[in-house]
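Note that UniProt numbering numbers the sequence shown so that position 126 is 126, with each residue one more than the last.
As structure tokens, the structure follows; a few thoughts come after it.
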Amino acid sequence: MAWQGSPPLEDIPRTTDAPAPGGAGRWVPALVITTSLFFLWGMANNLNDILIAQFKKAFTLSDFGTSFVQQVFYLGYFVFAIPASIVLRRFGYKAAIITGLLLYGIGALLFYPAAAISAYQLFLFALFVIAAGLAFLETSANPLMTELGDPATATRRLNWAQAANPFGAITGILIGRNFILSGIEHDEATLAGMNAAAREAFYRNEVQAVATPYLAIAAIVLLFAVAAALTAFPRNTVVRDVPEQAKTQRFADLLRHPRLIGAVIAQFFYVGAQVGLWSYTIRYAQGALGWNERQGADMLFVSLLLFAGGRFVGTTLMTWIAPARLLTIFATVSALLAATAALVGGTIGLYALVATSFFMSIQFPTIFALGVETLGPLRRLGSSLIIMAIIGGAVLTGVIGFVSDRAGIAAAMLVPAACFLVVLTYAVRARARA
Numbered sequence: 001m002a003w004q005g006s007p008p009l010e011d012i013p014r015t016t017d018a019p020a021p022g023g024a025g026r027w028v029p030a031l032v033i034t035t036s037l038f039f040l041w042g043m044a045n046n047l048n049d050i051l052i053a054q055f056k057k058a059f060t061l062s063d064f065g066t067s068f069v070q071q072v073f074y075l076g077y078f079v080f081a082i083p084a085s086i087v088l089r090r091f092g093y094k095a096a097i098i099t100g101l102l103l104y105g106i107g108a109l110l111f112y113p114a115a116a117i118s119a120y121q122l123f124l125f126a127l128f129v130i131a132a133g134l135a136f137l138e139t140s141a142n143p144l145m146t147e148l149g150d151p152a153t154a155t156r157r158l159n160w161a162q163a164a165n166p167f168g169a170i171t172g173i174l175i176g177r178n179f180i181l182s183g184i185e186h187d188e189a190t191l192a193g194m195n196a197a198a199r200e201a202f203y204r205n206e207v208q209a210v211a212t213p214y215l216a217i218a219a220i221v222l223l224f225a226v227a228a229a230l231t232a233f234p235r236n237t238v239v240r241d242v243p244e245q246a247k248t249q250r251f252a253d254l255l256r257h258p259r260l261i262g263a264v265i266a267q268f269f270y271v272g273a274q275v276g277l278w279s280y281t282i283r284y285a286q287g288a289l290g291w292n293e294r295q296g297a298d299m300l301f302v303s304l305l306l307f308a309g310g311r312f313v314g315t316t317l318m319t320w321i322a323p324a325r326l327l328t329i330f331a332t333v334s335a336l337l338a339a340t341a342a343l344v345g346g347t348i349g350l351y352a353l354v355a356t357s358f359f360m361s362i363q364f365p366t367i368f369a370l371g372v373e374t375l376g377p378l379r380r381l382g383s384s385l386i387i388m389a390i391i392g393g394a395v396l397t398g399v400i401g402f403v404s405d406r407a408g409i410a411a412a413m414l415v416p417a418a419c420f421l422v423v424l425t426y427a428v429r430a431r432a433r434a
């Protein structure tokens, strides 16, 4: 089965990186840029958590209404994952990375007109464009890191590269907390007591607060695009020793790899859990404890610190513990902590919610690496399918928002708890097949 409007993906000649003359040192600048991509998309992803709180206030949205931030964002990932894979296979890593950075920068620039006219729909479109760019970046960077080295250490190598991701996420939270969230919150009675002009000025100021940070991000991202264009990447050359194999491989071949199919399903639910937890951490702090948005952002910041720490600890533990076994342990603890946030609530529930981030840390890259490690020449197409599973962030964040509007934010945490059980099931089966 092929993507409509394009040739069958496996009919496109498979490419591979040519060996680096004079050693791997030649590619250090390219590897620095590639690792930086993990930082850049971490920043974009977690700024969405700030935008949810900001847009809820500025546009007076319900929890389900704010979930559209994540829904359109992860829809962008879903729509552009296969096109990104096509560009990657036809034109190589460099072209895909530059395309992704350009889309990311353009999307960030669109925040300026969106803020100028206070249009929630235009903000959503801008986020869709950013996500399209990130689909190119993730589809390129993830398989690149698994291919640059010994296949036996691919999981650990990808985890170390992904360690830049939580630092980008932390940076996004700090930018949002200090330059977007004003800390000014009015209840319904106060807003009703304002005259129309004062109320309109309050809403407009809150909307316009997002413009300058995103203009700065656009400038940085576009500079990275220029740097990538000027940097030598490993040149792709067509593999000519297996032409018949390249012709016969089809999308359907991936269905013969149960570990990949399981990884796609597990990633769908994992991303839904991660995005949902972080999207509504501020909301949980406000709803369960009566905290203000900046206090909630502080707890989100702590969550990201724990996530970063968990990435380093988890990756180190993989020296002694098999990745599938460690994934089993971390998914189990994540499910228990999310259930505690749902059923206990209050301060204990918030702390449990925050602690979940430590155990989420290694789940995405480990699921990814386990899913593609046996694919051989199908690795790149398989990686695009796993990236498409990020649509779970759109679907399940909407489910969490829907449940929150009807049963409360604490009860909504049962949704990510159930998601972690799906990841646990995949981890157990991956161990059995090892």
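Every residue gets a Cβ at the ideal spot worked out from N, C-alpha and C, and that includes glycine.
Using a Cβ-Cβ distance under 8 Å, would Ala169 count as near chain E?
The structure shown contains no chain E, having only a single protein chain.
Taking Gly314 as the reference, give the member of Ala163, Phe55, Ala135, Thr66 with the closest Cα.
Of Ala163, Phe55, Ala135, Thr66, the residue nearest in Cα terms is Ala163.
Is the region 369-377 close to the region 44-57, with three or more CB pairs under 8 Å?
In short, these stretches do not touch, since the Cβ pair count stays below three.
Enumerate in chain order the residues of its own chain whose CB-to-CB distance from Leu109 is below 6 Å, with the five nearest sequence positions on each side excluded.
Cβ within range, chain order: Ala218.
Drop a sphere of 10 angstroms on the beta-carbon of Pro416, count the other beta-carbons inside from all chains shown, and report buried for 16 or more, exposed for fewer.
Pro416 is buried by the Cβ-count criterion.
List in chain order: all unbroken beta strand (DSSP E) runs of 3+ residues lying wholly within the region 50-107.
None, since the region 50-107 contains no complete beta strand (DSSP E) of that length.
Look at Tyr280 and Ala95 and say whether their C-beta atoms are less than 8 Å apart.
In this structure, Ala95 does not lie closer than 8 Å to Tyr280 by Cβ.
Should the region 284-303 be called in touch with the region 85-105, which here means at least 3 C-beta pairs below 8 Å?
Judged by Cβ distances under 8 Å, the region 284-303 makes no contact with the region 85-105, as fewer than three pairs qualify.
What does the Cβ neighbour count give for Arg256, buried or exposed, with the cut at 16 atoms within 10 Å?
Exposed is the call here.
Relative to the alpha-carbon of Ile362, which residue among Tyr74, Glu188, Tyr104, Val271 has its alpha-carbon at the smallest distance?
Nearest C-alpha to Ile362: Val271.
If the criterion is Cβ atoms closer than 8 Å, does the pair Ala352 and Leu414 meet it?
It is not a contact, given that the beta carbons lie outside the stated cut-off.
How should Glu293 be labelled, buried or exposed, when 16 other C-beta atoms within 10 angstroms of its C-beta is the threshold for buried?
It is buried - the Cβ of Glu293 has at least 16 other Cβ atoms within 10 Å.
Tell me the rounded alpha-carbon separation between Leu127 and Arg90.
Each residue's Cα considered, the two are about 27 Å apart.
Starting from Ser334, follow the alpha helix (DSSP H) in both directions and report where the run begins and ends.
First-last of the alpha helix (DSSP H) with Ser334: 323-343.
Kindly indicate which residue of Arg325, Ala161, Leu381 has the alpha-carbon position closest to the one of Arg429.
When only C-alpha atoms are compared, the closest one is Arg325.
DSSP three-state call for Gly183: helix, strand or coil?
The answer is coil: DSSP assigns Gly183 none of H, G, I, E or B.
How about Thr328 and Leu277: are their beta carbons less than 8 Å apart?
Their beta carbons are not under 8 Å apart, which means Thr328 does not touch Leu277 by this criterion.
Rank Asn195, Phe251, Gln71 by C-alpha distance to the C-alpha of Ser85 and give the top, closest one.
The residue with the shortest Cα to Cα distance from Ser85 is Phe251.
Return the CA-CA distance between Leu75 and Leu102, expressed in angstroms with no decimal places.
The alpha-carbon atoms of Leu75 and Leu102 are separated by roughly 19 Å.
Would you give the residue range spanned by the alpha helix (DSSP H) that Ala218 belongs to?
211-230 is the extent of the alpha helix (DSSP H) around Ala218.
Under the assumption that Phe359 contacts Gly309 (Cβ atoms under 8 Å), give the Cβ distance between them as a whole number of angstroms.
Actually they do not touch by this definition, with Cβ atoms about 11 Å apart.
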